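Structure first, then comments.
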Amino acid sequence: QGTGAGCPSCGSPMVATQVERALVLELAKQQILEGLHLTSRPQIIQRPPRAALSRALRRLQPASVSPASGEEVVSFATAVPVTGPSAAACSSMLTFHLATPRAHHLYRARLWLHVGPALPGPLYLRIVRWSSGRRRQGSRTPLAEHHIDTPGWHALALPSSGLRGKASGVLKLQLTCRPLHRNSTSLPPLQRLLGTAGDQRPFLELKIRAKEPREGRAKRR
Amino acid sequence: TPTCEPETPLCCRRDHYVDFQELGWRDWILQPEGYQLNYCQGQCPPHLAGSPGIAASFHSAVFSLLKANTPWPLGTSCCVPTARRSLSLLYLDRNGNVVKTDVPDMVVEACGCS
Numbered sequence: 129q130g131t132g133a134g135c136p137s138c139g140s141p142m143v144a145t146q147v148e149r150a151l152v153l154e155l156a157k158q159q160i161l162e163g164l165h166l167t168s169r170p171q172i173i174q175r176p177p178r179a180a181l182s183r184a185l186r187r188l189q190p191a192s193v194s195p196a197s198g199e200e201v202v203s204f205a206t207a208v209p210v211t212g213p214s215a216a217a218c219s220s221m222l223t224f225h226l227a228t229p230r231a232h233h234l235y236r237a238r239l240w241l242h243v244g245p246a247l248p249g250p251l252y253l254r255i256v257r258w259s260s261g262r263r264r265q266g267s268r269t270p271l272a273e274h275h276i277d278t279p280g281w282h283a284l285a286l287p288s289s290g291l292r293g294k295a296s297g298v299l300k301l302q303l304t305c306r307p308l309h310r311n312s313t314s315l316p317p318l319q320r321l322l323g324t325a326g327d328q329r330p331f332l333e334l335k336i337r338a339k340e341p342r343e344g345r346a347k348r349r
Numbered sequence: 011t012p013t014c015e016p017e018t019p020l021c022c023r024r025d026h027y028v029d030f031q032e033l034g035w036r037d038w039i040l041q042p043e044g045y046q047l048n049y050c051q052g053q054c055p056p057h058l059a060g061s062p063g064i065a066a067s068f069h070s071a072v073f074s075l076l077k078a079n080t081p082w083p084l085g086t087s088c089c090v091p092t093a094r095r096s097l098s099l100l101y102l103d104r105n106g107n108v109v110k111t112d113v114p115d116m117v118v119e120a121c122g123c124s
């Protein structure tokens, strides 16, 4: 609008360069926001540390292109030790803030953890999903069990079905560990075993694709 | 499709590179640094109508037949995109999550007369 009569693609007179440039920038904003289904640019509440960002970006395989109209998401965790009388010594709670899912289908999830050199021996790691419920302690849904026997980064597969749901977008995973071999030495607190800050911060890698229309209904065969 | 030159009045592709720095969006769009925002501009005289145009389809064939049998052109023909490609974006959402997605039909690659 305001550029004079008619539309540029049907032979109307050329606009001045500055006006055209301003139009192009405005059009670019609208096009990007519309393409990302956003109404305005995101105001980032908590920017991830640069080191964590660069490490995570290396995990997003440059060659792996998300499926058409799909997404890959890397979400960084905030980790706090689990305290309380019944809490295991080697236990930690990871909290993720995911965008409220649109009509998307989560089909792959991996939890990346960095285990430090203080690992005394192979450990058994149990991951449950914690959700606040009616009961004071909340409810726990088992998700996965893994064996970790070397320091370094580990990509632990999680069942995508166990992560769906919750309009709030807040996901809490409780990690509990114990020595894999019962007679081995006891473990230090998980906080000392797991990297929790900087470029060793745990993060979730999610692969999401757009839901097919009317997906979820049983297909008659 | 020719890219638009000042002396080209006919349907062409006008190339614009938009740097996200110019939009002040470099803080949340991590990659790429910018993208080609092209659009189509120029005249489409009747003899160019439907060549190659996104309407180069059944409608265009019917339109050509009508045109051939009617001495006067029906309606106007516009310069429109005939080919587009997606744009892969890596950006931070409001929670600081890194999102990688392909936005379809974001870059106009070719123009034609409908």
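The listed protein sequences correspond, in order, to chains U and F.
Last residue of the first sequence: number 349 in the numbering used here, and the count goes up by one each step with no gaps.
Last residue of the second sequence: number 124 in the numbering used here, and the count goes up by one each step with no gaps.
For every residue, glycine included, the Cβ atom is placed at its ideal position computed from N, Cα and C.
In this text the structure is predicted, and so the values were computed from the model without any measurement.
CA nearest to the CA of residue i, picked from the options
i      : options                           : result
U/H275 : U/S267, U/I255 and U/S288         : U/I255
F/W38  : U/R175, U/K335, U/R149 and U/H165 : U/R175
U/R337 : U/I160, U/A227, U/G198 and U/Y252 : U/G198
U/G266 : U/L247, U/L301, U/R292 and U/S289 : U/L301
F/N105 : U/S259, U/A150 and U/V201         : U/V201
U/L251 : U/D277, U/G244 and U/L234         : U/D277
U/P279 : U/H165, U/T304, U/P248 and U/R149 : U/P248
U/R306 : U/R292, U/P245, U/H233 and U/L253 : U/L253
U/Q319 : U/L151, U/P177, U/Y235 and U/A246 : U/A246
U/Y235 : U/L151, U/R149 and U/R292         : U/R292
U/I173 : U/H225, U/T145, U/V152 and U/R186 : U/H225
Element boundaries [beta strand (DSSP E), containing residue i]
i      : result
U/V147 : Segment T145 to G163 is the alpha helix (DSSP H) holding U/V147; no beta strand (DSSP E) there.
U/H309 : Per DSSP, U/H309 belongs to no beta strand (DSSP E) and is neither H nor E.
F/P91  : C89 to L102
F/S124 : Unbroken run through F/S124: none, as it is neither H nor E.
U/T206 : T206 to P209
U/S259 : L251 to S259
U/P270 : S267 to I276
Boundaries of the alpha helix (DSSP H) in which residue i is found, first to last residue
i     : result
F/L33 : F30 to L33
Residues near residue i in its chain [Cβ-Cβ closer than 6 Å; skip 5 each side]
i      : result
U/R238 : A283, A285 and E333
F/D115 : R94
F/A65  : Any answer about F/A65 is weak, because its pLDDT of 46 lies below 50 and its placement is not dependable; what the coordinates show is given next. S124, listed in sequence order.
U/D327 : A179, A180 and R183
U/S260 : G266
Neighbour list for residue i in chain F, Cβ cutoff strictly below 8 Å
i      : result
U/H225 : N105, G106 and N107
U/E200 : V109, K110 and T111
U/R169 : W35 and W38
U/A184 : V108
Cβ-heavy atom distance, residue i to the ligand FMN, below 7 Å
i      : result
F/D103 : Questions concerning the ligand FMN fall outside what the structure shown contains, since it holds no ligand whatsoever.
Close beta carbons around residue i, own chain, < 8 Å, minus the five adjacent residues each side
i      : result
F/V108 : L40, L100, Y101 and L102
U/L161 : T167, S168 and R169
U/P287 : A237, L271 and A272
U/P330 : F204, A205, A207, L222, L239, W240, L241, H242, L322, G323 and T324
F/D29  : E43 and G44
F/H26  : Q46, L47, N48 and Y49
F/C14  : C22, R23, R24, D25, Q51 and G52
F/V117 : Y45, Q46, L47, N48, R94, R95, S96 and L97
F/K110 : S98, L99 and L100
U/L308 : G249, P250, L251, Y252, H275 and D277
Residues of its chain near residue i, where Cβ-Cβ distance is below 7 Å and the 5 sequence neighbours each way are ignored
i      : result
U/W281 : W240 and H242
F/C54  : C21, S87, C88, C89 and C123
U/G290 : R257, T269 and L271
U/V210 : S219, S220, M221 and Q302
F/G63  : With a pLDDT of only 47 at F/G63, under 50, the local geometry of the prediction cannot be trusted, and the value read off the model is given with reservation. Within the same chain, F/G63 has close Cβ partners S70, V90, T92, G122, C123 and S124.
U/A227 : G297
F/E119 : A93, R94 and R95
U/Q171 : none
F/V113 : S96, L97 and L99
Contacts of residue i in chain U (Cβ-Cβ under 8 Å)
i     : result
F/E32 : L153
F/H57 : In chain order: nothing, as chain U lies at least about 15 Å away.
F/T18 : What F/T18 touches in chain U: nothing, since even the nearest Cβ is about 11 Å away.
F/V28 : V152, L153 and A156
F/T13 : Those do not exist, as F/T13 stays about 15 Å from chain U at its closest Cβ, beyond 8 Å.
Beta-carbon neighbours of residue i, restricted to chain F and to distances below 9 Å
i      : result
U/L303 : Simply none; closest approach about 20 Å.
U/I172 : D37, W38, L102, D103, R104, N105 and G106
Proximal residues of chain F, C-beta to C-beta of residue i below 7 Å
i      : result
U/P250 : Ordered by position in chain F, no residue passes the 7 Å Cβ test against U/P250, which lies about 32 Å from the chain.
U/K157 : L33
U/P330 : Under the 7 Å cutoff, chain F gives no residues; its nearest Cβ is about 13 Å from U/P330.
U/L286 : The contacting residues do not exist; U/L286 stays about 16 Å from chain F at best.
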